Amino acid sequence: MSIQQFSNISSNNFEQCVKCTVCTVYCPVTAVNPLYPGPKQAGPDGERYRLKRSDFYNEALKYCLNCKRCEVACPSGVRIGDIIQQAHMNYSHGSAGVRDRMLAHTDLMGGIATRLSPTVNGILRLTPVKLAMDLTLGIDRHRTFPAYTPRKFTTWFRRHALKRQDRFTRRVTYFHGCYVNYNFPRLGKDLVKLLNACGIGVDLMKDEKCCGVARIANRLIKQATDAAKVNLREIRAAVASGNDVIATSSTCIMTMRDEYPHLLGLDNADVRDHIMTATRYLYRLVENGDIKLVFKPDYLRRIAYHTPCHMAKLGWSVYSIELLKLIPGVELSVLDVNCCGIAGTYGFKKENYRYSQAIGKTLFDSIAQVNPDIVATDCETCKWQIEMSIPYRVSNPISILADALDVEATRAANNI
Amino acid sequence: MIKNYDIIIIGGGATGAGTARDCALRGLKVLLVERLDFTAGATGRNHGLLHSGARYAVTDRESATECIKENMILRDIARHCVEDTGGLFITLPDDDLDYQKKFVDSCLAAGIQADVIDPAEARRLEPSVNPDLIGAVKVPDGAVDPFRLTTANIIDATRHGAEVLTYHEVTDFVRDGGGRITGVVMRDSRSGAVSKAYSQLVINAGGIWGHHIASLAGVNVNMFPAKGALLIFGHRINNMVINRCRKPANADILVPGDTICLIGTTSDRVPYDSIDNMEVTPAEVDILMSEGAKLAPALAKTRILRAYAGVRPLVASDDDPSGRSISRGIVCLDHAGRDGVEGLITITGGKLMTYRLMAEWATDMACRKLGVEAKCVTARQPLPGSEPSEVKKQRRLKGWRRAKSHIIELSTDQKAAEGRHGTMSREIDRKDPAGESLVCECEQVSVAEVKYAIDVLHVHNLLNLRRRTRMGMGTCQGQLCACRAAGLLAGEGACTGDSLDDLASFINERWKGMSPVGWGETLEEAQFMSWLYEGVAGLYD
Numbered sequence: 229m230s231i232q233q234f235s236n237i238s239s240n241n242f243e244q245c246v247k248c249t250v251c252t253v254y255c256p257v258t259a260v261n262p263l264y265p266g267p268k269q270a271g272p273d274g275e276r277y278r279l280k281r282s283d284f285y286n287e288a289l290k291y292c293l294n295c296k297r298c299e300v301a302c303p304s305g306v307r308i309g310d311i312i313q314q315a316h317m318n319y320s321h322g323s324a325g326v327r328d329r330m331l332a333h334t335d336l337m338g339g340i341a342t343r344l345s346p347t348v349n350g351i352l353r354l355t356p357v358k359l360a361m362d363l364t365l366g367i368d369r370h371r372t373f374p375a376y377t378p379r380k381f382t383t384w385f386r387r388h389a390l391k392r393q394d395r396f397t398r399r400v401t402y403f404h405g406c407y408v409n410y411n412f413p414r415l416g417k418d419l420v421k422l423l424n425a426c427g428i429g430v431d432l433m434k435d436e437k438c439c440g441v442a443r444i445a446n447r448l449i450k451q452a453t454d455a456a457k458v459n460l461r462e463i464r465a466a467v468a469s470g471n472d473v474i475a476t477s478s479t480c481i482m483t484m485r486d487e488y489p490h491l492l493g494l495d496n497a498d499v500r501d502h503i504m505t506a507t508r509y510l511y512r513l514v515e516n517g518d519i520k521l522v523f524k525p526d527y528l529r530r531i532a533y534h535t536p537c538h539m540a541k542l543g544w545s546v547y548s549i550e551l552l553k554l555i556p557g558v559e560l561s562v563l564d565v566n567c568c569g570i571a572g573t574y575g576f577k578k579e580n581y582r583y584s585q586a587i588g589k590t591l592f593d594s595i596a597q598v599n600p601d602i603v604a605t606d607c608e609t610c611k612w613q614i615e616m617s618i619p620y621r622v623s624n625p626i627s628i629l630a631d632a633l634d635v636e637a638t639r640a641a642n643n644i
Numbered sequence: 007m008i009k010n011y012d013i014i015i016i017g018g019g020a021t022g023a024g025t026a027r028d029c030a031l032r033g034l035k036v037l038l039v040e041r042l043d044f045t046a047g048a049t050g051r052n053h054g055l056l057h058s059g060a061r062y063a064v065t066d067r068e069s070a071t072e073c074i075k076e077n078m079i080l081r082d083i084a085r086h087c088v089e090d091t092g093g094l095f096i097t098l099p100d101d102d103l104d105y106q107k108k109f110v111d112s113c114l115a116a117g118i119q120a121d122v123i124d125p126a127e128a129r130r131l132e133p134s135v136n137p138d139l140i141g142a143v144k145v146p147d148g149a150v151d152p153f154r155l156t157t158a159n160i161i162d163a164t165r166h167g168a169e170v171l172t173y174h175e176v177t178d179f180v181r182d183g184g185g186r187i188t189g190v191v192m193r194d195s196r197s198g199a200v201s202k203a204y205s206q207l208v209i210n211a212g213g214i215w216g217h218h219i220a221s222l223a224g225v226n227v228n229m230f231p232a233k234g235a236l237l238i239f240g241h242r243i244n245n246m247v248i249n250r251c252r253k254p255a256n257a258d259i260l261v262p263g264d265t266i267c268l269i270g271t272t273s274d275r276v277p278y279d280s281i282d283n284m285e286v287t288p289a290e291v292d293i294l295m296s297e298g299a300k301l302a303p304a305l306a307k308t309r310i311l312r313a314y315a316g317v318r319p320l321v322a323s324d325d326d327p328s329g330r331s332i333s334r335g336i337v338c339l340d341h342a343g344r345d346g347v348e349g350l351i352t353i354t355g356g357k358l359m360t361y362r363l364m365a366e367w368a369t370d371m372a373c374r375k376l377g378v379e380a381k382c383v384t385a386r387q388p389l390p391g392s393e394p395s396e397v398k399k400q401r402r403l404k405g406w407r408r409a410k411s412h413i414i415e416l417s418t419d420q421k422a423a424e425g426r427h428g429t430m431s432r433e434i435d436r437k438d439p440a441g442e443s444l445v446c447e448c449e450q451v452s453v454a455e456v457k458y459a460i461d462v463l464h465v466h467n468l469l470n471l472r473r474r475t476r477m478g479m480g481t482c483q484g485q486l487c488a489c490r491a492a493g494l495l496a497g498e499g500a501c502t503g504d505s506l507d508d509l510a511s512f513i514n515e516r517w518k519g520m521s522p523v524g525w526g527e528t529l530e531e532a533q534f535m536s537w538l539y540e541g542v543a544g545l546y547d
C-alpha cells in the first residue's frame, strides 16, 4: 500500500457512513412520521444527491427535530444531524415566514413580552387567541406559550445579587439564556443561591444574546451567526478572566459548543472546553473535594430523571444524575432515553403537533408508570412539553438541588 | 422454426443497440444478439464523458469534428442520458501554456467552441479545480450515461419491431453453398441450447470482441486492445468536467457522472486473450490517484468506491505501443469487398460518443447492399425518454402530485427515477404506496422502479438490474439492496437462474471492483457487508 493510499481518508464526514442504518432505528421522528425519510436517507444518502443538484433537497427534511439522537447512535461518528440542518439551511426554498421568525427570536419576543407580561400572559391563554394563532400563524392551538415574567432575571440580579458576588474569589460566568431571563428567573436565582452557598461568585456576560438554537432551527442563519459572534466574544472575555461559562439549559450549551463550529462555521476550539452545563461544573468541584453540598434531611422526594436529547448528545446527563443522588431523601429513577417530542419551537408548529405528541408518548407513559413527585430534566422545552401533556411538575436539577440544600450548613462546610 | 431476418447484429453495446435502432427505423427486420448483457463490454466501462471533441482537436481532427457534431445531436435526442455540465481544460504550472493557443485554434478549426477564461473565473465556475492553475479553456463537454443511452436505443429498436436476444453467444456463421454468410449459430449461455437464425446480412458490432467474431468468418480485423482503468469516487466533487490542457495522457479527465465522479484513464496494450478478465493493478490505482489529485486536490481525500477497466476497440494501424496515437475514428468494413466474404459488415473503432454515427454508417452500408432507400433519421428523432412533447405533460403530472402530496414535491426516488428514465418514468406504477419503499437506498431505486425495469427493460438477473437502474452502484455497493432486489426478482419470476447464485455472483462482482481500493471506509463497508451476509443472512461461500 502506498503512502497516498494511507492518506486517502475522506475529508467528507458523510462518507464515513457504512449504511448500518442504526441512526434510523434511533430516530424518534421516523418511528411516528412516514413522510420523514429518516436520518440516513435525509443525511448521508441525500447529501450525495444534493451535491449533484440542489433541487434534490426534499422539504420533508423539515420534519427533523435536530435532537441529534442519530449522531449519538452512529458508530462511525457521522454528524448526521448537522448534515440535515446544513441542507435545511442551504437548500430550503423561500425565507422563514412570520411565525418562524417570531418563534426564532426568543430574546426579542421575550424583551417585549416581559414589559407587558400580565396582559401578554392573559391574552396568550385565551381560547379565541389560540384559535386565531392556529389559523393565521400556524401555531398549534393545543400549545400554551410559557408565561413571561414581569421582572427579568438580569434586573433581579443587578438589584439583588450583583453586589454580593464581590465577596467570592472563585467565580463562574452564567449564561442564563432566554428562558431564565424572560420566563423563569427562579431557575437563575436557584443557581445563584446554590453557587453562593458553596463560595462561588456568579458573573453575567456584559452582553448576552440568545444562543441561537431557535434561529438555526428556523433557518435564520445570519441572525444566528450575529448572535453567536457576540456570545463567543463574551465567552472569550470570561475565559480570559479565568472563568468557565455555564448554563442551566443543556440546549444552549450544546448549541454554543457544537452548533457554532459545525453549522455556523465559527471556530470555538480555544474556549469550547470551558463551556459546560451547570451540573457538570458543580459535580466536578464536588468530586475534586473543592466544594461540599449539605442537604436538608427532611427533603423527601421521588424523582424521575429525563435525559434531554441534547444532554444525551453532550453525554453529560450522568452529572445531573449523580448530583441528584447526593440528596439523601431522594428516591431517583432514571427514565429510558426517549425524546419528549417538542424540540424547542418544532412542537409549537401546527404541522408538527401530531408527530410531536406521538413521539412524546413513550416518555409520558414511562413517567406515569414511575409516578414521581417531580420530573427532573435539564431542558426547558422538555419541561413545557411534559407539563403541557401530562399532570406532572418538572424541575431543573439545579432547582431541586437548591430546594434541598441546607444553605447554612453548606456555607459552614465551605467556610463561607 | 426457422427465423429469417434482414439483418442480424452481433453485440449489445451502444454501437450494436444504435445500429439495431437505425435499421429498425428504416423498416428492416432486425435481430440483435448479445453474448452477455447490454453494455457488458466497453460501453459500460468508460468515463461516461460527453466529449466536446476538444480532447482530440490537436491530435485527431476527424474524431474531434465527429465528436462535436454527435455531442450536439445527443443533447437533442438523448436529453435524459446527457447532463450539460460544461468542461474545463486547465493548464497547470507543470504544463506548457503555449499549448493552450494551439489547442484553442484546433478546437475552433474543428467547430468546437473554446473560450479562454481567467483562472479566477475557472475557480469560481468549478470550486474543486486545482487552485494553482495558470490557464483555463471552457468547452462544451458534458456527461453521458452509457447504460441509459444503450437501453433507450434497445427500447426504440424493439418498439420498431427489432428482436433482442441477450445471453446468446454467436459461435459460428451459417453459410450457403457459395460461401456467403446467411445467418448465425448461437448458444444460449444459460441453457446451453444451440440454435440458428438466418438473415441477408450480419453486422459485427462486437467491439473488441469483434476481432474474434470476424475470425469465425475467416477474416482478420486487426484489433489493438488498449486497456483503460478508472476510479469511481463516492460523491461528486466537481460539477464540470475537468481536463488537462496538454497532449492526451494518463488520468487527465475528471467527469461528474450521476451521483459520483470518475477519474481516468490509463492506456496500455493488453494481450487479446486477457480482455475478458480486466483487473486494475495497484500501479494503475496509484497513477490515477496522483494524477487525479492534480486536477482537483480534493480527490486525494475522497472515498474511492471502486476501480474498473475497459478495453478500447481500437483498430491497429502502425506500431504504437500505447494506442494513444491511434485514431479514435470509425472503421466500417464491408468484408465482401475487403476479404471476399459476402454478407458480413464490421463496424468498429470509434467511441461511445460516435455510436450513433457508427450505427448510421453501418446501416447506410447495409441498406446499400440490400437496396433499401430509407434515409437515416436517428440524428433528429429523440430516443424514448427524451421526447420533447412529453415535457409539458411531465410538468402537469408534477403539479398534480404537488396538489395531492402533503410534502408538495416528488420524493427523492421519484426525482432520481425521472433523471434515469426521462419521460419513460411515467410508466412506473406509483399507485401502490408499497412501491415507494426503497430497494437501493444509496441510489434511490424504489420497488416500483425495479418492477418497471423487470417488465420493460430486459432484466433477468441482478447485474441487468444494476445496469438499468443504478441499483447497487452507490456507496454501499450492494450491501443493503442486493438481497432486497434478489427477493423481488425471484418474487416476480424474473430471475432466470438460481437466486442465491445470482446474489453471490453479484456481490462478488461488486467486491472485484472494491478490492483494488480496499482501504479506509471502503474496506469497512466491505467488512460490514460480509458480516451482514454471513452473520445475519447466513449466506456463506
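In order, the protein sequence lines correspond to chains U and F.
Its first residue numbered 229, the first sequence is counted upward by one per residue in our numbering.
Its first residue numbered 7, the second sequence is counted upward by one per residue in our numbering.
Each residue gets a CB set at the ideal place from its N, CA and C atoms; glycine is no exception.
Just so we're clear, the structure is a prediction, and the values are computed from it rather than from any experiment.
Item: Which residue marks the beginning of the beta strand (DSSP E) containing G3(F), and which one marks its end?; Value: It is not possible to answer for residue 3(F), since the shown part of chain F is limited to 7 through 547.
Item: Give me the chain F residues within the contact set of L279(U), using Cβ-Cβ distance strictly less than 7 Å, ordered along the chain.; Value: H241 and R242
Item: Does any CB atom of chain F fall closer than 9 Å to the CB of F242(U)?; Value: yes
Item: Let's see if you can read the secondary structure: which residues bound the beta strand (DSSP E) around E175(F)?; Value: H174 to R181
Item: Residues of the segment 448–465 of chain F in Cβ contact with chain U at a cutoff of 8 Å, in chain order, please.; Value: C448 and Q450
Item: Taking the C-alpha atoms as reference points, what is the distance between D325(F) and G19(F)?; Value: Bear in mind that a pLDDT of 49 at D325(F), under 50, signals an unreliable position, so the number given afterwards is only what the model happens to contain. Spanning the two alpha carbons is a distance of roughly 28 Å.
Item: In angstroms, rounded to a whole number, what distance separates the CA positions of W384(U) and C406(U)?; Value: 15 Å
Item: Distance, Cα to Cα, A532(F) vs V247(F)?; Value: 30 Å
Item: By DSSP, does V453(F) sit in helix, in strand, or in coil?; Value: helix
Item: Give the list of continuous alpha helix (DSSP H) stretches no shorter than 4 residues that lie fully inside the segment 539–603 of chain U.; Value: 545–553 and 578–598
Item: Hey, is G271(U)'s beta-carbon within less than 9 Å of any beta-carbon in chain F?; Value: no
Item: Does the beta carbon of S417(F) come closer than 9 Å to any beta carbon on chain U?; Value: yes
Item: Is there at least one Cβ from chain U nearer than 9 Å to L31(F)'s Cβ?; Value: no
Item: Counting C-beta neighbours from all protein chains within 10 Å, is the total for A596(U) 16 or more, i.e. buried, or is it exposed?; Value: exposed
Item: Can you tell me whether R408(F) is buried or exposed? The criterion is at least 16 other CB atoms within 10 Å of its CB, across all chains shown.; Value: Any reading at R408(F) is ruled out, since the residue's pLDDT is 42, under 50, leaving its predicted position unreliable.
Item: Could you tell me how far apart the beta carbons of E76(F) and R362(F) are, in whole angstroms, since I believe they sit closer than 8 Å?; Value: 6 Å
Item: Mind pulling the beta strand (DSSP E) runs of 3 or more residues that sit fully within the segment 246–304 of chain F?; Value: 247–250, 259–263 and 266–270
Item: Name the DSSP beta bridge partners of Y204(F), please?; Value: N10(F) and G189(F)
Item: For S235(U), go through chain F and note every residue whose CB falls closer than 8 Å to its CB, in chain order.; Value: A306 and K307
Item: For the beta strand (DSSP E) that K144(F) lies in, which residues bound it at each end?; Value: G141 to V145
Item: Let me make sure I understand the geometry here. Which of L103(F), N470(F) and H217(F) has the alpha-carbon closest to that of N228(F)?; Value: H217(F)
Item: When the Cα of V257(U) is compared with those of D283(U), F373(U) and C295(U), which residue comes out closest?; Value: C295(U)
Item: For E436(U), is the classification buried or exposed, using 16 other Cβ atoms within 10 angstroms of its Cβ as the cut-off for buried?; Value: buried
Item: Would you verify that the beta carbon of D283(U) is, or is not, closer than 9 Å to some beta carbon of chain F?; Value: yes
Item: Please confirm whether G588(U) and N566(U) have their CB atoms less than 9 Å apart.; Value: yes
Item: Going by the beta-carbon positions, is the gap between Y410(U) and T334(U) smaller than 9 Å?; Value: yes
Item: With C-beta atoms as the reference, is W536(U) less than 9 Å away from T476(U)?; Value: For the sequence presented, residue 536(U) should be read as Pro rather than Trp. No, they are not a contact pair.
Item: Would you say A455(U) and C439(U) are within 9 Å of each other, going by their C-beta atoms?; Value: yes
Item: Check the Cβ of S238(U) against every Cβ in chain F and list those closer than 8 Å, keeping chain order.; Value: G240, K307, T308, R309, G526 and E527
Item: If we count Cβ pairs, one from each stretch, closer than 8 Å, do we get three or more for the segment 128–145 of chain F versus the segment 77–89 of chain F?; Value: no
Item: Do you know how far the Cα of S58(F) is from the Cα of A332(U)?; Value: 50 Å
Item: Who are the neighbours of C248(U) on chain F, taking C-beta pairs under 7 Å?; Value: F534
Item: So what does D121(F) bridge to, in DSSP terms?; Value: K144(F)
Item: Counting only Cβ pairs nearer than 9 Å, list the residues of chain U close to D264(F).; Value: K280
Item: For the putative contact between A203(F) and K518(F), defined by C-beta atoms under 8 Å, what is the C-beta separation to the nearest angstrom?; Value: Not really, about 33 Å apart at Cβ, beyond 8 Å.
Item: Spatial neighbours of S411(F) within its chain, please: CB distance less than 8 Å, with the 5 preceding and 5 following residues excluded, ordered by chain position.; Value: With a pLDDT of only 38 at S411(F), under 50, the local geometry of the prediction cannot be trusted, and the value read off the model is given with reservation. So the list is empty, once near-sequence residues are dropped.
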